[in-house]
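Okay, structure first, notes after.
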Amino acid sequence: MTEQVGDESSTRHPFLEFGSGPLADVDLTSPRLHAERDLSDVWGMLRERQPVAWHPTTGGGFWVVSSYSAAAEVYRNSEVYTSSRGNVLAMLLAGGDPAGGKMLPVSDGPRHQQIRRVLMRALTPRALTGLAERVRLATVRLVREAVESGDCDLGRDVVPYLPLAVICDLLMVPEDDRELLLTQSKLALASEDPDGTEFDARLARNEILLYFAKLARSRQDQPGDDILGLLIQMTRSEVALTSQELLYNAYSILLGGDETTRLSMIGAAHALTQWPDEWNRLKTGAVPVETAVEEFLRWTTPTLHAGRTATSDTTLGGRHIARDDIVTVWNSSANFDPRQFDDPARLRLDRTPNRHLSFAVGAHFCLGAQLARIELGALVGALVETADGIELTGEPKRLYSNFLSGFTRLPVRFEAAARDRQPSNQAEKEEVR
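The sequence shown: position 360 = 360 (full-length UniProt numbering), numbered continuously.
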């Protein structure tokens, strides 16, 4: 860590650092903090007084980037702020991600571009055209069943099976293996248990890697043209993907396509229980689903942060960043920066433009962004089509993580849409006839 080099925003206010003053009890490495405390005031104070702040840890520390402009600057400059040592704070603090330079999200430069170019073939809007309708129909079916039941836990019983099914279809994962992958993917980067450990997460990650090693071996003779098939073919092409790179990228596709999408879908449903006026605007068609999806992505911000490592000495937000310093971009703050978003603490489904950072920006813009939009749009559309109302029936349960954010449990009660509602008495039955 080095000293302030002169920033107008911080010279107007007392110097802010984590571990002292108003930030004395704020430890951003703590999963409990993010699950159990509303950090809106903390982020607001940081954006205003110290948008790039040093966060000490035992034996080191990291930079916390809270403003939208500084966050976008880090995202766009992958030469100075590299992902190749890792993009998750816990792994960076532990010395780096073992997948660094081998997995798409934690690689940069020509290798990153090479792998990304091939994988994009399976995820272009054109390639996903047929998939979109299948996702819509499957989502309507599941949501209609939930609505007809009246009460359900969307976070446990409905939403988890939607993104997992889609990404497993794209990886050609057999039906019988999907429950295992759902269980492990929920543990790999977060926990429903406040006492969950990094050891538990590491075991889950290893289970996923071992599973894909077995599946890839079984498909060597006939790889197929799905995403796993493309990865297998890349081991024999000019890309020369190693077997380790194959496994890491299959793992990345699974988690990237399941975890964050699931959290944004559950979060969108929760938001609709809290903002009935916005629900009504959706129901009346005053706001297009496609526009609402972007606001749900901003509002839920399922990925709290993205980690980077400085490749050289540089300056950001008036602070001197030293080579090899860990720099963390906090989407959970940047997506609520009033300098970028008018009235950011309000859910406004018609918000345009909406340049949120939930998919990042620059070279690491989310590979599966279009797929996530399709799935989230399918859920929102299905709720609008099948339900006239949605309300909480119990306390939602939050995820414990310093990397991901959202709910794991969401107990709700639905009011079925008039056209889907079952007649409740003889008079209604006669009217239906």
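Ideal Cβ placement from N, Cα and C applies to all residues, glycine included.
Keep in mind the model is a prediction, meaning the values are calculated, not measured.
Query                                                                                                                                                                            : Result
Can Ala71 and Val329 be called in contact, C-beta distance under 7 angstroms?                                                                                                    : yes
Roughly how many angstroms lie between the CA atoms of Gln244 and Pro98, to the nearest whole one?                                                                               : 11 angstroms
How many whole angstroms separate the CB atoms of Ser67 and Gly317, which I take to be in contact at a CB cut-off of 8 angstroms?                                                : 7 angstroms
Given a threshold of 16 other Cβ atoms within 10 Å of its Cβ, counted over all protein chains shown, does Asn249 qualify as buried or as exposed?                                : buried
Please classify Gly285: is it buried, with 16 or more other beta-carbons within 10 angstroms of its beta-carbon, or exposed?                                                     : exposed
Taking DSSP as the reference, what is the three-state secondary structure of Trp275?                                                                                             : coil
Find the nearest neighbour of residue 439 within the set Gly394, Asp200 and Phe212, judged by alpha-carbon distance.                                                             : Past the edges of the chain, shown from 1 to 433, lies residue 439, and the structure says nothing about it.
Measuring CA to CA, which of Val166, Thr386 and Arg37 is closest to residue 436?                                                                                                 : A query on residue 436 cannot be resolved here, the shown segment of the chain reaching from 1 to 433 and no further.
So, helix, strand or coil for Thr309, using DSSP?                                                                                                                                : strand
What are the start and end residues of the beta strand (DSSP E) that includes Glu415?                                                                                            : Pro411 to Ala416
Answer yes if the segment 321-340 comes into contact with the segment 352-371, meaning at least three C-beta pairs across the two stretches below 8 angstroms, and no otherwise. : yes
Counting C-beta neighbours from all protein chains within 10 Å, is the total for Glu198 16 or more, i.e. buried, or is it exposed?                                               : exposed
Near Arg433, which residues of its chain fall below 7 angstroms by C-beta distance, leaving aside the five closest residues on each side in sequence?                            : Note on Arg433: pLDDT 36, under 50, position unreliable in the model; the coordinate value appears next. Within the same chain, Arg433 has no close Cβ partners at all.
Could you tell me the alpha carbon to alpha carbon distance between Pro223 and Leu254, rounded to whole angstroms?                                                               : 18 angstroms
If you draw a straight line from the C-alpha of His13 to the C-alpha of Leu23, how long is it?                                                                                   : Note that His13 has pLDDT 45, beneath the 50 cutoff, so the model's placement of it is unreliable and no number is given.
Have a look at Thr309 and Tyr81 and give me their C-alpha separation to the nearest angstrom.                                                                                    : 5 angstroms
Which class does Gly6 belong to by DSSP, given the choice of helix, strand or coil?                                                                                              : The predicted position of Gly6 is uncertain, since its pLDDT is 39 and thus under 50; a value taken from the coordinates is nonetheless stated next. In this structure, Gly6 counts as coil in the three-state DSSP scheme.
What residue from Arg136, Pro110 and Gln184 has the CA that sits closest to residue 513's CA?                                                                                    : There is simply no residue 513 to check, as the chain begins at 1 and stops at 433 in what is shown.
Touch check for the segment 299-308 and the segment 397-405: three-plus C-beta pairs under 8 angstroms?                                                                          : yes
Less than 8 angstroms between C-beta atoms, sequence neighbours within five positions excluded: which residues of the same chain meet that for Arg287?                           : Checking the displayed sequence, the identity of residue 287 turns out to be Val instead of Arg. For Val287, where only same-chain residues beyond five positions count, the Cβ hits under 8 angstroms are Glu278, Arg281, Leu349 and Asp350.
Between Arg126, Asn77 and Thr129, which lies nearest to Gly109 when the distance is taken from Cα to Cα?                                                                         : Asn77
For Leu163, count neighbouring Cβ atoms within 10 angstroms of its own Cβ and tell me buried if that reaches 16, exposed if not.                                                 : The sequence given here has Pro at residue 163, not Leu. That one is buried.
In three-state terms, what does DSSP make of Asp151?                                                                                                                             : strand
Report the rounded CA-to-CA distance for Tyr75 versus Phe365, giving the unit in angstroms.                                                                                      : 9 angstroms
So for Arg111, helix, strand or coil by DSSP?                                                                                                                                    : helix
Count the other CB atoms, across all protein chains shown, that sit within 10 Å of the CB of Pro174; report buried if there are 16 or more and exposed otherwise.                : exposed
Using 10 angstroms around the beta-carbon of Arg121, count the other beta-carbons present and answer buried if the total reaches 16, otherwise exposed.                          : exposed
Starting from Thr284, trace the beta strand (DSSP E) both ways and give me its first and last residue.                                                                           : Unbroken run through Thr284: none, as it is neither H nor E.
Would you mind sorting Gln50 into buried or exposed? The rule is 16 or more other CB atoms within 10 Å of its CB.                                                                : buried
Report the option in Leu383, Pro276 and Leu187 whose CA atom is closest to the CA atom of Arg346.                                                                                : Pro276
Whole angstroms is fine: what's the gap from Val106's alpha carbon to Leu92's?                                                                                                   : 11 angstroms
Return the chain-ordered list of same chain residues with a C-beta closer than 7 angstroms to the C-beta of Ala132, the five sequence neighbours on each side being excluded.    : Ile374
Give the range of the beta strand (DSSP E) segment to which Thr124 is assigned.                                                                                                  : Where Thr124 is concerned, there is no enclosing beta strand (DSSP E), given that its DSSP letter is neither H nor E.
Enumerated in chain order, which unbroken segments of the beta strand (DSSP E) with a length of 3 residues or greater are wholly contained in the segment 308-369?               : 314-316, 319-321 and 326-330
In this structure, does DSSP put Gly19 in helix, strand or coil?                                                                                                                 : coil
Assuming Ala94 is part of the beta strand (DSSP E), what are its boundary residues?                                                                                              : Element bounds for Ala94: n/a, residue is neither H nor E.
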